[in-house]
Amino acid sequence: MITKPWIGKPWIDVLFILLPPFLSLAFIASFPSLFQNNKELPVAGWVILILLVDVAHVYSTLYRTYFDPQALKEQRSLLWTIPLFSFIGGILLYSMNDLLFWRILAYVAVYHFIRQQYGFMRIYSRKEKAPLLYSWIDRFTIYYATIYPILYWHLSGPRNFNWFVDGDFVYMEAKWLLYLATALYVGMLAAYVIKEIVVYRLTRSFNLPKAAIIWGTLFSWYFGIVYFNGDMA
7 MITKPWIGKP WIDVLFILLP PFLSLAFIAS FPSLFQNNKE LPVAGWVILI LLVDVAHVYS
67 TLYRTYFDPQ ALKEQRSLLW TIPLFSFIGG ILLYSMNDLL FWRILAYVAV YHFIRQQYGF
127 MRIYSRKEKA PLLYSWIDRF TIYYATIYPI LYWHLSGPRN FNWFVDGDFV YMEAKWLLYL
187 ATALYVGMLA AYVIKEIVVY RLTRSFNLPK AAIIWGTLFS WYFGIVYFNG DMA
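So my numbering is basically just the index in the sequence shown, starting at one, shifted up by 6.
Here it is, written out as structure tokens:
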């Protein structure tokens, strides 16, 4: 049986990493009229959800970098030069074309969130000795769980919300390509479920945190972007 690969104490992982997507969806599903097709996020809601919740993990990195004397000593040049050059580069880019600035920032943010979910999945599968095919299915599932809603966003036209500003994403309405992407999404779900059933029948073990990350990603990205189509979702 596989030892559960918790990052810290199980209850901390569950409370702060695994449970939030499911709790958020349960809350949204309980009050659909408040979230579905909502085109505006109130300022107070933006401050609470974005600055205090979504960006909280950015604040926490300060304790592992600038507030850590040892880390600051070892990586001083990187910790000071990268933010400085990024800031200068951002100013120059915005001065040349503000929409291009927001567009690049939006796609960098999308890449960050996609890789973030993949990283959590890899952490929770680090103790597994699975066949290459099973590992490949897990990787494809966690990636496409995030990529498909973004493809849907691009191929079906603007949603009721933006990543940052109007026009930051490039849209290309192509129904045939959307149908193909959707068919691949359904096939991915089927392959993942079948793989999980086979693994359990062969090993009588179930990697709960990894499964929670994958299903939480599937639910939160699909329902937030595709189904509810609202800024607050």
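We put the beta carbon where it would ideally sit given N, CA and C, even for glycine.
Between which two residues does the alpha helix (DSSP H) harbouring residue i extend?
{"i": "Glu80", "result": "Pro75 to Glu80"}
{"i": "Arg165", "result": "Unbroken run through Arg165: none, as it is neither H nor E."}
{"i": "Trp221", "result": "Leu214 to Trp227"}
{"i": "Lys65", "result": "The amino acid occupying residue 65 in the given sequence is Tyr; Lys does not appear at that position. Its alpha helix (DSSP H) spans residues Ala62 to Ser66."}
{"i": "Gly51", "result": "Val49 to Trp52"}
Can you tell me whether residue i is helix, strand or coil according to DSSP?
{"i": "Arg207", "result": "helix"}
{"i": "Met127", "result": "helix"}
{"i": "Gly95", "result": "helix"}
{"i": "Met7", "result": "Any answer about Met7 is weak, because its pLDDT of 48 lies below 50 and its placement is not dependable; what the coordinates show is given next. Met7 falls in the coil class under three-state DSSP."}
{"i": "Leu21", "result": "helix"}
{"i": "Phe107", "result": "helix"}
{"i": "Phe37", "result": "coil"}
{"i": "Glu134", "result": "coil"}
{"i": "Val114", "result": "helix"}
{"i": "Glu202", "result": "helix"}
{"i": "Asp174", "result": "coil"}
{"i": "Ile13", "result": "coil"}
{"i": "Tyr69", "result": "helix"}
{"i": "Ala189", "result": "helix"}
{"i": "Ala240", "result": "A query on residue 240 cannot be resolved here, the shown segment of the chain reaching from 7 to 239 and no further."}
{"i": "Gly230", "result": "helix"}
{"i": "Gly236", "result": "coil"}
Kindly examine the ligand FAD and report whether one of its heavy atoms sits closer than 7 Å to the Cβ of residue i.
{"i": "Tyr191", "result": "As far as ligands go, the structure on display features none, and thus does not contain the ligand FAD."}
Quick check on this structure: which residue in the options has the alpha carbon closest to the alpha carbon of residue i?
{"i": "Pro164", "options": "Arg82, Val176 and Val64", "result": "Val176"}
{"i": "Pro11", "options": "Ala218, Asn213, Tyr158 and Ile231", "result": "Asn213"}
{"i": "Phe234", "options": "Leu25, Leu31 and Trp17", "result": "Leu31"}
{"i": "Val204", "options": "Leu106, Phe126, Ile143 and Val232", "result": "Ile143"}
{"i": "Tyr198", "options": "Leu224, His63 and Ile56", "result": "Leu224"}
{"i": "Asp60", "options": "Leu78, Trp17, Gln122 and Trp108", "result": "Gln122"}
{"i": "Phe126", "options": "Tyr228, Gly236, Leu29 and Ile219", "result": "Ile219"}
{"i": "Trp169", "options": "Gly230, Ala136 and Asp74", "result": "Gly230"}
{"i": "Ser226", "options": "Ile18, Pro27 and Val20", "result": "Pro27"}
{"i": "Gly96", "options": "His63, Ala112, Arg82 and Leu25", "result": "Ala112"}
{"i": "Tyr206", "options": "Thr147, Phe119, Thr188 and Ala136", "result": "Ala136"}
{"i": "Thr188", "options": "Tyr158, Thr209 and Ile200", "result": "Tyr158"}
Below 8 Å on the Cβ atoms is my contact criterion, and I expect residue i with residue j to pass it. Report the Cβ-Cβ distance as a whole number of Å.
{"i": "Tyr130", "j": "Lys15", "result": "In fact, because the Cβ distance is near 15 Å, the residues do not count as touching under 8 Å."}
{"i": "Tyr191", "j": "Tyr150", "result": "7 Å"}
{"i": "Leu139", "j": "Leu161", "result": "Incorrect: roughly 29 Å between the Cβ atoms, too far for contact."}
{"i": "Thr71", "j": "Leu85", "result": "6 Å"}
{"i": "Ile156", "j": "Val114", "result": "At roughly 13 Å, the Cβ-Cβ gap does not stay under 8 Å, so Ile156 and Val114 are not in contact."}
{"i": "Asn166", "j": "Gly51", "result": "15 Å between Cβ atoms; not a contact."}
{"i": "Thr152", "j": "Met194", "result": "That pair is no contact at about 12 Å."}
{"i": "Phe107", "j": "Tyr100", "result": "4 Å"}
For chain D, check one thing: does any of its Cβ atoms lie closer than 8 Å to the Cβ of residue i?
{"i": "Gly96", "result": "Considering every chain present, this structure includes no chain D. It has just one protein chain."}
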